[in-house]
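Written below as structure tokens is the structure these notes are about.
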Amino acid sequence: MLKAVLLDISGVLTEDGEALPGAVEAVARLASSGFRLRFLTNTSRKTSAAVCEELKRLGFDVAPEQVFTAPGAIRRHLERHRLRPYLLIHENLEPEFADLPGDAPNAVVLGDAEQRLDYAHLDEAFRLLLEGAPLIAVGTNRYFRENGTLHLDAGPFVRALEVAAGSEARILGKPSGDFFRAVLEEAGVEPGEALMVGDDVECDVLAAMEVGLEACLVRSGKYRQGDEARAPEARCEASLAALVEALLDAP
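Heads up, the final residue of the sequence shown is numbered 332 in the working numbering, and it's a clean run with no missing numbers.
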């Protein structure tokens, strides 16, 4: 029995800072039908608090504890293991880690740092990795959609550092199974009782299915024609609104 719905944010609920058509109403219908909702994102350009506030501004009824971000998972990991991070992150994300020690870093944290992903910063991260620092990354997303076009995400830079330093990154956002399992544990449901809804066939749909969740690929956001062929066992709907209509209005 389906008890929880996990919703990717960008491309499913929002695009370019605006709610997608029918998304606010669809989320409200899911909530009123008793589903436990969790909002997931790999974005590394906004703090967890900023993500929650933006959703509220757009009309979504969401509480801070329902929002799970990859940077938030990384912060918890750093605190748990008492690591001092070298932060290769976007300037907007700095408040998420502001009170953590950064002197003599012994870990590299890599996200979508935009203009900071230059040679000097990547070379410093490379040096730390050679000295034994772990590489901790937001995700392996190859690209994201913004203003109607696709742009490089952090994934290619993660792979570059892995190859150069001969190390393997610890991924704490999607598509990490640990990320999905942490969300399920907090929601109090088993994998077979949850549905993941995403626009990224790799990091949302296939990754969730590997953990045992049901999954639905929506044809919005970064979806590209033919993606559904890579996950034939998943549902595929035009949008979140169309999925909710199929779930709740089915005889």
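For every residue, glycine included, the Cβ atom is placed at its ideal position computed from N, Cα and C.
Note that the coordinates shown come from a computational prediction; the quantities given were computed from them, not determined experimentally.
So residue i packs on residue j, CB below 8 Å; how close in whole Å?
i	j	result
phenylalanine 260	glycine 254	6 Å
leucine 276	leucine 83	6 Å
glutamate 195	leucine 216	Their Cβ separation, rounded to whole angstroms, is 19 Å, which puts glutamate 195 and leucine 216 out of contact at 8 Å.
valine 264	leucine 88	That belief does not hold up - the Cβ atoms of valine 264 and leucine 88 are roughly 11 Å apart, past 8 Å.
alanine 151	asparagine 123	5 Å
leucine 321	alanine 107	5 Å
glycine 220	cysteine 133	Going by Cβ atoms, the distance from glycine 220 to cysteine 133 rounds to 19 Å, so no, they are not a contact pair.
glycine 92	glycine 302	2 Å
aspartate 193	histidine 171	6 Å
Taking only three categories from DSSP, how would you classify residue i?
i	result
glycine 279	strand
valine 105	helix
histidine 202	helix
aspartate 89	strand
arginine 240	helix
glutamate 227	strand
histidine 232	strand
leucine 118	strand
leucine 136	helix
proline 176	helix
phenylalanine 261	helix
phenylalanine 207	helix
proline 166	strand
valine 347	One cannot answer for residue 347 here, as it falls past the ends of the chain, which runs 82 to 332.
Can the beta-carbon of residue i be found closer than 8 Å to that of residue j?
i	j	result
alanine 246	leucine 210	yes
glutamate 300	alanine 319	Checking the sequence shown, residue 300 turns out to be arginine, not glutamate. Contact: yes.
phenylalanine 120	valine 143	yes
valine 292	arginine 262	yes
cysteine 317	glutamate 309	yes
asparagine 222	aspartate 234	yes
phenylalanine 149	leucine 191	no
Leaving aside the five residues before and after residue i along the sequence, list all residues of the same chain whose C-beta is less than 7 Å from its C-beta, in chain order.
i	result
proline 176	Thr128
asparagine 187	Leu164, Arg165, Ala214
glutamate 274	Met82, Leu83, Lys84, Ala85
Let me know if residue i comes out buried or exposed under the rule of 16 or more other beta-carbons within 10 Å of its beta-carbon.
i	result
glutamate 314	exposed
asparagine 228	exposed
histidine 232	exposed
aspartate 281	buried
leucine 329	exposed
glycine 183	exposed
arginine 311	exposed
alanine 104	buried
Between residue i and the ligand ADP, is the CB less than 7 Å from at least one heavy atom?
i	result
aspartate 234	Summarising the ligand content, the structure contains no ligands, and the ligand ADP is consequently not present.
Excluding the five sequence neighbours on either side, which residues of its own chain have a C-beta within less than 6 Å of the C-beta of residue i, listed in chain order?
i	result
glutamate 295	Leu276
methionine 290	Ala296
Leaving out the 5 sequence neighbours to the left and right, which residues in its chain are closer than 8 Å to residue i when beta-carbon positions are compared?
i	result
valine 189	Pro166, Tyr167, Leu169, Ala206, Leu209, Leu210, Ala214, Pro215, Leu216, Ile217, Leu242
glutamate 160	Leu181
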